[in-house]
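Quick note: the sequence shown, position 37, residue 37 per full-length UniProt numbering, numbers continuous.
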Amino acid sequence: MDKNRPNGEHNLVEWARPYLGERRKFYKLIDPRLEGRFSMRGAHKAAQLATNCLSRDPKARPLMSEIYEALKPLPNLKDMACKSPYFQAMQSERTGSNSSRNGSKGQSMRSLSISNSPYHQNQPHRSPKPSPNLSDKR
Numbered sequence: 001m002d003k004n005r006p007n008g009e010h011n012l013v014e015w016a017r018p019y020l021g022e023r024r025k026f027y028k029l030i031d032p033r034l035e036g037r038f039s040m041r042g043a044h045k046a047a048q049l050a051t052n053c054l055s056r057d058p059k060a061r062p063l064m065s066e067i068y069e070a071l072k073p074l075p076n077l078k079d080m081a082c083k084s085p086y087f088q089a090m091q092s093e094r095t096g097s098n099s100s101r102n103g104s105k106g107q108s109m110r111s112l113s114i115s116n117s118p119y120h121q122n123q124p125h126r127s128p129k130p131s132p133n134l135s136d137k138r
């Protein structure tokens, strides 16, 4: 919950839920600064896992050990999105729909996508470095 965000953007879960539920919209959740350098299968699996974690029935949610096991292989997937025709079509769709709405054909997907995120700030973000002892905590 972030009360400093505009109305309708306070709750990240509620903002993300509609994108998680639809396979063709989940890409709007992906940080555009990745610029296609992520696994499409991994992204789909992570979105599916997030959907399971957000189940309204607490008993239907996965255990942390199941989440860990599901996420562990994702960094090793090699099907990079930038090489996928599906991702390229999504990129064109996003750029085209936003430029026709905004009237700005020269605006990049990166800037359009970042502005769509309710949690974007105008400062550089760095991914946290994985804990070296993560594999020891099973």
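By construction, the Cβ of each residue, glycine as well, lies at the ideal position given by its N, Cα and C atoms.
The structure displayed is predicted, hence computed values, not measured ones.
Counted within 10 angstroms of its Cβ, other Cβ atoms place residue i as buried (16 or more) or exposed
i	result
ARG17	exposed
ALA89	exposed
ALA60	exposed
GLY42	buried
LEU63	exposed
LEU20	buried
PRO58	exposed
- Please go through the region 20-64 and give each complete alpha helix (DSSP H) segment of 4 or more residues, from N-terminal end onward. Counting only runs of at least 4 residues, the region 20-64 fully encloses the following alpha helix (DSSP H) elements, listed from N- to C-terminal order: 40-53.
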